[in-house]
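Visitor:
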Amino acid sequence: MADVTLDEGHLRFEFKDVDFAEQYDGWRHHRNVFSSACGGAKAVDFVVGKGNVIWLIEVKDYRHHRRDKTISLWDEIAIKVRDTMAGLVSTKFIGVDDDERRTSRTALGKRKLHVALHLEQTKNPSRLFPQAFNPANVRLKLKQNLRFADLHPVVFDRTDFPAQLGRVTSI
């Protein structure tokens, strides 16, 4: 078990007592091989293993910038989860980085998969930065779109980040 600190944008994730926690979208196999597969593959931000669970965590921080993509947030997350799952399998079999192959083998050996969206929004909505999403609505849409991976995806922010994983702070 290890403690791992990873930064994503203006957030610092401190994962506690995990088997592994890695910035999956930065993996060599994803960047150099898998991201160009089948017309382009996407990736979640973090792959975290703890106990018998693998967590696929996507981070969205709308405190500083508005969302400007035309695809819905829940469709974007579903595509990233699907592609990450496939990318982990690809890495296990043909990855050239030994650490990435080892992590993908460990991840694929877990018994449960949890999908999580870390969604930061402004706490004081204004005309310039309105509250973009209702987390309950996002959770419902994710539940519908992620049936292939996780029947109970979670949506959280810094204040309710799962304590068993660690904590998140602004940087």
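Residue numbering for the sequence shown follows the UniProt record's numbering, starting at 1 and increasing by one per position.
Glycine included, C-beta positions come from ideal geometry on N, C-alpha and C.
1) Can you name the start and end residues of the alpha helix (DSSP H) that V89 belongs to?
2) Decide if S104 is buried, meaning its Cβ has at least 16 other Cβ atoms within 10 Å, or exposed.
3) For K112, which three-state DSSP category applies?
4) Beta strand (DSSP E) containing L56: first to last residue?
5) Taking DSSP as the reference, what is the three-state secondary structure of A107?
6) In chain order, what residues of the same chain have a beta carbon less than 8 angstroms from the beta carbon of K143, not counting five sequence neighbours either side?
7) Beta carbon of D3, beta carbon of I171: below 8 angstroms?
8) Since K50 sits in a beta bridge, which residues does DSSP pair it with?
9) The alpha helix (DSSP H) with L140 in it runs from where to where?
10) With distance defined between alpha-carbon atoms, name the residue in T122, D98, V96 and T169 nearest to residue 184.
11) Per DSSP, which residues does F20 bridge with? Please list them.
12) Thinking just about the alpha-carbon of each residue, which of H65, N32, D75 and R12 is nearest to the one in F46?
13) Any Cβ of chain C within less than 8 angstroms of the Cβ of A136?
14) Does K112 pass the burial test, meaning 16 or more other C-beta atoms within 10 Å, or should it be called exposed?
15) Using only alpha-carbon positions, find the residue among G40, R31, W55 and H29 that is nearest to D19.
Guide: Quick look at the numbers:
1) Translated into positions along the sequence shown, residue 89 becomes position 89. Annotation for V89: the continuous alpha helix (DSSP H) segment containing it runs L73 to I94.
2) If you number the sequence shown from 1, residue 104 lands on position 104. Residue burial is scored here from C-beta neighbours: S104 has at least 16 other C-beta atoms within 10 angstroms and is therefore classed as buried.
3) Counting from 1 along the sequence shown, the entry for residue 112 is found at position 112. Strand, per DSSP.
4) Sequence index remark: in the sequence shown, residue 56 carries index 56 (1-based). Per DSSP, the unbroken beta strand (DSSP E) holding L56 starts and ends at V53 to D61.
5) The residue labelled residue 107 in the question sits at position 107 within the sequence shown. Per DSSP, reduced to three states, the secondary structure at A107 is helical.
6) Residue mapping note: residue 143 aligns to position 143 of the sequence shown, counting from 1. So the list reads L151, H152 and P153, once near-sequence residues are dropped.
7) For this step, residue 3 is matched to residue 3 along the sequence shown. For this step, residue 171 is matched to residue 171 along the sequence shown. At least 8 angstroms separates the beta-carbon of D3 from that of I171.
8) Taking the first residue of the sequence shown as position 1, residue 50 is located at position 50. Bridge pairing for K50: V53 [DSSP].
9) Position 140 of the sequence shown holds residue 140. Taken as a continuous stretch (DSSP letters only), the alpha helix (DSSP H) holding L140 covers P135 to N145.
10) Lying before the first or after the last residue shown, residue 184 is absent from the chain, which here runs from 1 to 171.
11) One-based indexing of the sequence shown puts residue 20 at position 20. F20 is bridged to G49.
12) Counting from one through the sequence shown, the residue named residue 46 turns up at place 46. Out of H65, N32, D75 and R12, R12 has the C-alpha closest to the C-alpha of F46.
13) Annotation note: the requested chain C is absent from the structure, which comprises a single protein chain.
14) Within the sequence shown, numbered from 1, the residue matching residue 112 stands at position 112. Exposed, because fewer than 16 other Cβ atoms sit within 10 Å of the Cβ of K112.
15) Residue mapping note: residue 19 aligns to position 19 of the sequence shown, counting from 1. Closest option to D19, Cα to Cα, is W55.
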